[in-house]
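Q: Here the sequence shown is numbered in full-length UniProt numbering, starting from 1 and rising by one per residue.
Dropping a structure here in structure tokens format, bear with me for questions.
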Amino acid sequence: MNVPTRFSELWTDYLEGDLDEAGMAQLREMLAADESLLHLTADMYQTHRLLGLAVPETPARREQFVQEVLSRLPEDSDTFVDGVMADVGRLAAASAQRNEAAPSARSSRGTALYLALALSLLMLATLSLPVFRPSGVAQPSIPSPAPSNEDGNVRFSSMARAKFFGELAPPVRSLLAQKREYVLMSGLVKIKFPAGATAIVEGPAVFRVLSDECLALDVGRCSVHAPDGAEGFRVETPVTHLVDRGTRFSVNVSELSETEVQVIEGAADVYEANAIAQATHDEIRLTNGKALKLAKGRTFAASNIPFDASVYRRGLPDRVVSYEASKNEAGSAEDLISVAVQRDGRIQKIPVEELIPARITAFKNLTPGGFLCGPETLPTDRLATVSDRSLITGVINPGGSAEPLTTDPILSGELATPGLAIQFATPVVNGPGPDVVFFDLQAFSNPPDGDPFHVSPLKFRDGLRSHTIETYDLTMESPGVCNLTDFYVHMFDEPVDSIEQLKSLEMAPHKQGIRFRGLAVGIDLSDLGYGPGEAVEGLFFQDALDDPHHIDPVFVGGLPGTR
């Protein structure tokens with residue numbers, strides 16, 4: 001479907017609140033003359049509400065116009081847009097808060113980019129699916145039905161920071177619905193097929209499972225491994241059909257449907273997409289170390305490209321995979337039980353008893369605030385709960401710096417460095433993958449990926465450096481992240497610049513009235529420059545000061561040596 005330029009201009013002005021009465025009349029005329037534009041307008045309005053692009057202070061005439069559009073739609077419904085609509089109610093409040101905090105004037109260029117994104121996503125739906133029947137913007141969220149056995153046995157076997165458009169990431173080990181379109185905005189997912197083939201899809205990507213032996217990749221990158229017994233596994237792109245002959249290969253599909261194939265091991269046969277069903281067709285056999293770029297304009301064309309083995313992913317990155325915690329009758333979590341961590345490609349479940357505890361040795365924040373969390377009444381030694389297993393107790397909101405440290409932090413005195421220092425009960429040995437787990441309190445009104453922070457050596461030397469964590473392994477949207485039980489934040493009326501003041505200054509408990517979740521991220525000591533097998537006694541943490549929210553560390557523990 002070609003969208004008229006004038007329609008795009010009018011729609012952009014409408015979203016920005018700049019459409020006058022004459023423009024509104026012209027937009028109505030275009031919709032009355034073209035039913036496909038009517039459908040597209042309704043879809044885009046709901047999507048822009050979801051993305052927070054429609055202005056919040058909608059005048060009465062705008063709502064009247066919207067209702068006119070919606071009332072003229074047929075009664076059919078479609079899965080894709082219903083999924084978007086189900087999330088509108090959940091995200092509407094957050095979108096409104098973001099819009100209120102942002103300047104009312106928006107750049108035309110920025111809005112145009114978002115319009116292009118919305119159009120491209122909606123075109124994927126409207127080209128192949130019927131239109132939805134709206135019943136208002138804020139609808140209750142209705143979970144999608146679980147795939148039945150008839151849908152096949154293809155599963156999400158693991159994920160790493162995966163985000164899907166218009167929905168939360170599905171649980172690990174859940175079934176994929178056949179022929180359903182999945183829009184992976186970022187992160188990675190590993191998909192396992194019944195015969196043993198696996199595919200790692202990297203976002204952004206759009207993909208579908210066509211059968212227990214076939215993955216369709218419309219755009220994006222995937223890495224496929226088909227071991228013995230899984231020969232014949234297929235990957236279909238808009239241009240090609242690839243048939244595995246016992247191999248490892250990667251496929252990269254561009255927005256123009258150009259397809260690059262790199263064979264890492266074994267062999268794969270490549271066919272033109274519309275020729276696979278013909279009785280006679282040409283195939284291209286790709287073998288170990290070969291790479292092709294395939295495109296279709298007026299004719300189907302294949303050209304050799306340099307082989308690049310680095311584009312193939314053999315597994316998901318090392319990270320914190322999940323954790324277990326004790327729960328009360330309401331299902332809210334409190335005490336950490338175990339943590340599952342992938343190290344050197346292998347997932348280990350580590351009981352909390354085997355984690356190396358840490359104690360706080362320095363703390364400074366230049367402004368008053370809440371610096372302790374836990375029960376309403378803390379023990380006489382306020383820091384006694386710092387090394388416990390609870391995910392709702394700790395020393396929170398340390399100071400920070402926009403720039404990470406390049407020299408030793410000062411841990412005491414008037415010139416002390418804002419932040420938080422810890423010392424492990426026994427040194428943590430740098431091994432493969434994460435060496436330290438960091439748990440953080442996070443509210444739904446806070447950044448969903450976690451509060452960024454810097455982690456630094458206590459003593460710098462040649463080769464050592466600070467490392468900045470910007471996205472947690474387990475975020476607010478990750479499957480399995482726990483809602484935490486209620487707790488109190490103890491407020492200080494003056495700045496705290498030492499452990500002694502943290503223990504002695506007057507404070508007042510404030511019960512938290514909103515829901516928090518326990519986020520987690522792994523810290524690899526190699527990212528700080530430590531060598532393999534090197535022992536580390538402590539670390540220094542600073543908030544990255546990228547926004548008003550500060551980190552709230554409630555559990556920091558070292559991992560034991562790899563088994």
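Quick reminder that beta carbons are idealized off the backbone N, C-alpha and C, glycines included.
Taking 8 Å as the limit between beta carbons, can you name the residues of its chain near Gly-538, skipping five residues before and five after?
A: Ala-358, Thr-361, Ala-421, Ile-422, Gln-423, Phe-424 and Leu-458
Q: Output yes or no for whether 8 Å exceeds the beta carbon distance between Gly-374 and Phe-487.
A: Contact flag set, yes.
Q: Suppose you measure from the CA of Arg-313 to the CA of Asn-153; what does that come to, to the nearest Å?
A: 23 Å
Q: With respect to the alpha helix (DSSP H) encompassing Lys-293, which residues constitute its N-terminal and C-terminal limits?
A: Not the alpha helix (DSSP H): Lys-293 falls in the beta strand (DSSP E), residues 291-296.
Q: Quick check: Gly-518 and Phe-439, are their CB atoms within less than 8 Å of each other?
A: yes
Q: Can you check which of these residues, Thr-198, Asp-212, Arg-221 and Phe-193, is closest to Val-183 by C-alpha distance?
A: Arg-221
Q: Ignore the nearest five residues each way along the sequence and tell me which others in Pro-317's own chain have a CB closer than 8 Å to its CB.
A: Ala-160, Leu-188 and Gln-342
Q: For the stretch 300-309 against the stretch 322-332, are there 3 or more C-beta pairs whose distance is under 8 Å?
A: The stretch 300-309, when compared against the stretch 322-332, does not touch it at the 8 Å Cβ threshold.
Q: For Met-476 and Gln-442, which I take to be in contact (beta-carbon distance under 8 Å), what is that distance rounded to the nearest angstrom?
A: 6 Å
Q: Quick one: what's got a C-beta closer than 6 Å to Ala-162's C-beta in the same chain, skipping five residues either side?
A: Ala-169, Gly-187 and Val-189
Q: Please check the pair Leu-286 and Ala-268, which I expect to be a contact at CB under 8 Å, by giving their CB distance rounded to whole angstroms.
A: 5 Å
Q: Compare the Cα-Cα distances from Asn-430 to each of Pro-227, Val-239 and Glu-534 and report the closest residue.
A: Glu-534
Q: Which value, in whole angstroms, describes the spacing of the CA atoms of Ser-144 and Cys-482?
A: Any reading at Ser-144 must be qualified, since the residue scores a pLDDT of 43, below 50, and its modelled position is unreliable; the value itself is stated next. Taking the straight line joining both Cα atoms gives about 21 Å.
Q: Taking all protein chains shown into account, do 16 or more other C-beta atoms lie within 10 angstroms of the C-beta of Ala-177, making it buried, or fewer, making it exposed?
A: buried
Q: Just how far apart, CA to CA, sit Leu-294 and Phe-249?
A: 15 Å
Q: Alpha carbon to alpha carbon, how far is Leu-528 from Pro-452? Give it in angstroms, no decimals.
A: 16 Å
Q: In chain order, what residues of the same chain lie with their CB nearer than 6 Å to the CB of Lys-192, ignoring the 5 residues before and after it?
A: Arg-155, Ser-157 and Thr-198
Q: Under DSSP, the alpha helix (DSSP H) around Glu-255 begins and ends at which residues?
A: Run containing Glu-255: none; DSSP gives neither H nor E here.
Q: What residues match up with Ser-548 in a beta bridge as DSSP calls it?
A: Before going on, a small fix: residue 548 reads as Pro here, not Ser. According to DSSP, Pro-548 bridges with nothing at all.
Q: Which residues bound the alpha helix (DSSP H) around Arg-313?
A: Where Arg-313 is concerned, there is no enclosing alpha helix (DSSP H), because DSSP gives it neither an H nor an E.
Q: Can you grab the Cα-Cα spacing for the pair Ala-226 / Pro-432, in whole Å?
A: 27 Å
Q: Here's the rule: buried if 16 or more other CB atoms are within 10 angstroms of the residue's CB, otherwise exposed. What is Ala-291?
A: buried
Q: Cβ-heavy atom distance between Val-436 and the ligand MG below 7 Å?
A: For the ligand MG, the structure offers nothing, since it holds no ligand at all.
Q: So, using beta-carbon positions, are Gly-419 and Gly-399 closer together than 8 Å?
A: yes
Q: Using DSSP with H/G/I as helix, E/B as strand and the rest coil, what is Gly-23?
A: helix
Q: Among the residues of its own chain, which have a CB less than 7 Å from the CB of Leu-117, if the five just before and after it don't count?
A: Unreliable positioning characterises Leu-117 in this predicted model, as indicated by a pLDDT of 43, which lies under 50. The coordinate reading is nonetheless provided below. No residues qualify anywhere along the chain.
Q: Extract the residue ranges of the beta strand (DSSP E) inside the stretch 432-506, only unbroken runs of 3 or more that lie entirely within it.
A: If we require 3 residues or more, the beta strand (DSSP E) runs fully inside the stretch 432-506 come out as 436-443, 453-457, 467-469 and 488-492.
Q: If you check the beta carbons only, do Thr-240 and Glu-272 fall under 8 Å apart?
A: yes
Q: Output the boundary residues of the beta strand (DSSP E) element that contains Thr-259.
A: Bounds of the beta strand (DSSP E) holding Thr-259 are 259-272.
Q: Roughly how far, in whole angstroms, is the beta-carbon of Thr-393 from the beta-carbon of Thr-385, given that I think they are within contact range, below 8 Å?
A: Here Thr-393 really is in contact with Thr-385; their C-beta atoms are around 4 Å apart, less than 8 Å.
Q: Can you tell which of Gly-557, Val-321 and Pro-204 has its C-alpha closest to the C-alpha of Val-172?
A: Selection Gly-557, Val-321 and Pro-204 evaluated against Val-172 yields Val-321 as nearest (Cα-Cα).
Q: Can you tell me whether DSSP reads Ala-5 as helix, strand or coil?
A: Residue identity differs from the one stated: residue 5 is Thr in this sequence, not Ala. It is helical.
Q: In terms of alpha-carbon separation, which member of His-550, Val-206 and Leu-525 lies closest to Leu-372?
A: His-550
Q: List the residues that DSSP assigns as beta-bridge partners of Pro-553.
A: Paired residue(s): Asp-440.
Q: Considering only the alpha carbon of each residue, which of Ser-310, Glu-283 and Asn-288 lies closest to Ala-301?
A: Glu-283
Q: When you compare only the Cα positions, how much space is there between Ser-254 and Ser-498?
A: Between Ser-254 and Ser-498, the C-alpha separation is close to 54 Å.
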